[in-house]
Amino acid sequence: MERAVFFEGGKKAFWHTTSHIMAHAVKRLYPDVKLAIGPATDTGFYYDFDTATPLTMEDLKKIEKEMKRIIKEGLKLEKFSLPRAEALELMKDEPYKIELINELPEDEEITFYKQGDFVDLCAGPHLEKVSEVKAYKLLSVTGAYWRGSEKNKMLQRIYGVSFVNQEDLEAHLTALEEAKKRDHNKLGRELELFTTSEYIGQGLPILMPKGARVIQVLQRFVEDEEERRGYQLTRTPMMAKSDLYKISGHWNHYRDGMFIMGNEDDKEVFALRPMTCPFQFQAYLTKMHSYRDLPIRYNETATLFRNEASGEMHGLIRIRQFTLAEGHIVCTPAQLEEEFKGCVDLAVFMLTTLGLDEDVSYRFSKWDANNREKYIGDPDEWESVQNTMREILDHLGIDYKEADGEAAFYGPKLDIQIRNVHGKEDTLITIQIDFQLAERFEMEYTDADGTKKFPYILHRSSLGCYERTLALLIEKYAGAFPTWLAPVQVKVMPISEKHFDYAKSVENALKAQGIRLENDTRNEKIGYKIREAQKQKIPYMLVVGDKEEEDGTVAVRSRKEGELGAIALDAFIEKISREIKTKAR
RNA sequence: GCUGUUGUAGCUCAGUCGGCAGAGCACUUCCUUGGUAAGGAAGAGGUCGGCAGUUCGAAUCUGCUCAACAGCUCCA
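Per my numbering, the first sequence starts with residue 42, numbered consecutively.
Now the structure itself:
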C-alpha cells in the first residue's frame, strides 16, 4: 500500500471516486438497479446496490469493462448542491437516497457529485476527473444488509480497489495472495494442527496432536504465570441448571447464544456454559469474606459453548466450543484500578511474549444508551462505571478508541483487538468491569466498618481463547512458530540405516531434556528429509552421519540461521534449551 | 441466520454433449544406503459431500440437505 502514489485528497477520495465510477457502470448496464451507499474503506471501496437478481462474478467482469469506457471518456466530477425539495425530486427514483436525504439535518447542505449522466448524493470529496483512476479491480460480490441491520433488505455489495498505476495494483493483488498463504485455516490444516469433520459439526474443530501440543504449551505457560500473579485455579462444571443463568441474566440476555438441553416442560433444564462467571461465583459464595480477603483472583482454563449462527464460524477464530484463559477477580472499589491495571499488565505480558504486542489495538467497549434492553442495570451507574474505566485507561496511557454498543450486558470492556490475514478484526483478549452480578448473586464482603458491601468483579482473560490465539499465531508466524511453541522442535535425520543407532541416542538425549522431536528413520535420501522438514517449518534439523557419529556431534540446520555445521550434541542441547527457556522469537 | 461461490483419492486438481473414475504429490512394497529442498520401479487407494428425483443410463440435469470459503449480521 505504501508504494501507491495517490492523487491529492488522499486514497479515500481516490477510492470513493472509483466507487462512483463503478456505480456509474452498473447503472449503465442495469438501469433498474437502485443505489444505496458506496464509501471508501481502509483497504478499498464498495458500493451497495439493490438488484432484481444477484450479481455474479461474470457481472463483475462486465462492470469492469464498462468502467474502462467511463474512465476513457475522461469525465469531470462536478459538485453542486440543491434545496431539499429539489434534491428529493432529482432522486425520486432512488428510494435509498431519498431515505438518506430525509434523515439529513434541516440545516445540512445537500450535495451531489455529477460525472456525465451519473449523479450521486454525496458529501465528497472526490477526484477532479475519472481518468485519474488508472488501475482497478473488482474483488468480490457479497450480500450486505441495508444500513447494516438484518431486519432490512439484503443488498448486493461489490468490493474493489484501485490505484494510480497498474504496477501498484499488481503489487496489491500479490500481497493479498501472499496474505492468503498465511491463512491459519489453510496453513493450520496443512501443518496438521487441526481439522474438522462434517460428522462432528460446524465450529467444532479437532485439534490434532501438533495443534493440541501448542495449546498445551500455551496453557501451561498461562497457568504458571497466573499462579505467580496470585490467581487460584478452579475447575467448574461445563453445564448448569437454567436457574443459574436466570440469576446471572444470561437466560434473558444471552439465550440465543446458548446450547440448552431439554425444554421448559422438563423439571430441570440444563445448558452448556457460554461463560464461566456464575460458576466461579459459586466458589466465592461458599463462605463469608472480609475486605481483608480481597482481592480474590480465580482463574480457570475454561471450555465454553456458544451457539454461533451457522454463517459466523471461521476456522479456529469463531467456533462453537472453545477454551478460554478465563478468570474473575473479586475486589473492593479501592482495589479496582490496581486490579484492572494488573489484568492489562498480564495481557500485555502475554502478547509481548507471543510477539503479538505490535499487532493489537485497544477498544473501550461501552454500552448503547439507546438500546437499553440489551443491558441490565441502572443507566446512571453505567455512565459512572464507564467514566471510572475511562480514567483508569487514561492513567494507563493506553491508546484506545471508544465503541458504543460493544459492552457486555453486565458492564463495559477493554477489548484487545487483532486483525487476521483478511484484515478482519477480532477480540483476542477482554477485560471487563462488572458492577452488577455481585449483587445478583449476593456476593458480599464485610468492610472495615462492619457493613456488608458488594464488590466489583473483573471478568478477564490473559491471552484469550486458545484456539483463536493459536489461529493468530499461525498467521503471525506463517506456521513457523518460535522454538518454545513449535509442536516439533527438532527433527533428527540419519543419513542412512547405518546411523539409526546413533540417531536414536541423539533422540534419547534430547527427550531427556524435554525437547520435542521426531526421528526421521525412513528409507529416504537426506535431501528429501530436509525438504519435508523445511515444509513443516521445524526449527532445527539435525543431520547425523558417519562424521557426527564418530565425533559425538550433530550437523545443525536452523530454520532461522541456516546451516550451522557440526556442533557437539551437548552444546546444541544447551543452545536450544536456552532458546526455549527465554521464549526467544 | 442472510447473499454469493465451492465440494471428484489423504492433498492439489482434470473430467467435453448425460454413456467404463483420471493425473501429480502423499501412502504401501521392492530396488537403492545416500551428506543439506523431491533417486527408481511396482502396487494399493473412490458411497464423485449426503438424500431424493428425472432418465435405459447421473460425477454431469433438478430439488432438498450437510460442509467449506468470502462478505453481512453477531461475537471471545
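The C-beta atom is built at its ideal place from N, Cα and C for all residues, glycine as well.
Go through its chain and collect everything with a Cβ distance to residue i's Cβ below 6 angstroms, but skip five positions before and after it.
i      : result
GLN473 : ALA449, GLY452, LYS454, HIS500
ARG44  : Residue placement at ARG44 cannot be trusted, given a pLDDT of 37 that sits under 50; what the coordinates show is reported in the next sentence. The residues are ASP209, ALA212.
PHE48  : Because PHE48 carries a pLDDT of 49, less than 50, the predicted location of this residue cannot be relied on, and no value is offered for it.
THR183 : ARG198
ALA612 : none
LYS175 : VAL205, ASN206
GLY396 : ARG626
LYS624 : THR394, TRP525
Work out the CA separation of residue j and residue i for me, nearest whole Å.
i      : j      : result
LEU392 : ASP440 : 16 angstroms
LYS194 : LYS622 : 56 angstroms
ASN226 : ALA128 : 48 angstroms
VAL67  : ARG347 : 41 angstroms
ILE567 : THR97  : 49 angstroms
ASP490 : SER331 : 11 angstroms
THR92  : ALA521 : 45 angstroms
GLN477 : PHE320 : 16 angstroms
SER537 : GLU620 : 29 angstroms
TYR88  : LEU70  : 15 angstroms
ASP386 : SER502 : 12 angstroms
GLU267 : CYS384 : 10 angstroms
TYR240 : ILE247 : 11 angstroms
ASP299 : ALA253 : Note that residue 299 corresponds to Met in the displayed sequence, not to Asp. About 25 angstroms.
GLY85  : THR59  : 9 angstroms
LEU180 : THR275 : 48 angstroms
THR510 : GLU516 : 10 angstroms
ALA607 : ALA553 : 21 angstroms
LEU214 : ILE457 : 29 angstroms
ASP587 : TYR581 : 20 angstroms
PHE121 : LYS155 : 8 angstroms
CYS372 : PHE381 : 10 angstroms
GLU589 : LYS576 : 25 angstroms
Check whether the Cβ atoms of residue i and residue j lie closer than 8 angstroms to each other.
i      : j      : result
VAL389 : ASP400 : no
ARG314 : LEU345 : yes
MET132 : PHE322 : no
GLY115 : VAL171 : yes
PRO528 : ARG626 : no
TYR486 : PRO374 : no
GLN376 : LEU335 : yes
ALA550 : ILE614 : yes
LYS178 : GLY201 : yes
SER289 : ARG481 : yes
Under DSSP, the alpha helix (DSSP H) around residue i begins and ends at which residues?
i      : result
PHE495 : Here PHE495 belongs to no alpha helix (DSSP H), and DSSP marks it neither H nor E.
ARG230 : 225-231
ILE104 : 98-114
GLY383 : 377-395
PRO319 : 318-325
ASN549 : 541-553
MET63  : 51-70
ASP421 : 420-437
Applying the 10 Å Cβ sphere with the 16-neighbour rule, what's the burial state of residue i?
i      : result
ASN143 : exposed
PHE541 : exposed
GLY303 : exposed
LEU326 : exposed
MET42  : Low per-residue confidence applies at MET42: pLDDT is 37, beneath 50, and the placement is therefore not dependable, though the value from the model is reported in the following sentence. MET42 is exposed by the Cβ-count criterion.
GLY368 : buried
THR94  : exposed
GLU629 : No information on residue 629 is available, as it lies outside the stretch 42 to 626 that the chain covers here.
GLU135 : buried
GLU147 : exposed
ARG598 : buried
ASN560 : buried
VAL46  : Model confidence at VAL46 stands at a pLDDT of 47, short of 50, so the residue's coordinates are unreliable and nothing is read from them.
What residue range does the beta strand (DSSP E) around residue i cover?
i      : result
ALA372 : Before going on, a small fix: residue 372 reads as Cys here, not Ala. Its beta strand (DSSP E) spans residues 362-372.
GLN243 : Careful: GLN243 lies outside any beta strand (DSSP E) and carries neither H nor E.
GLU443 : 441-444
ILE459 : 454-460
GLN473 : 466-475
GLU119 : 119-123
PRO250 : No beta strand (DSSP E) holds PRO250; the alpha helix (DSSP H) holding it covers 250-269.
PHE300 : Run containing PHE300: none; DSSP gives neither H nor E here.
GLY586 : Element bounds for GLY586: n/a, residue is neither H nor E.
Considering only residues of the same chain and omitting the five flanking positions on each side of residue i, which have a CB-CB separation below 8 angstroms?
i      : result
MET354 : GLN243, GLY244, ILE360, ARG361
ASP83  : GLY464
Can you give me the Cβ contacts of residue i inside the same chain, cut-off strictly under 7 angstroms, excluding the 5 residues immediately before and after it?
i      : result
VAL426 : GLY452, PRO453, ILE474, PHE476
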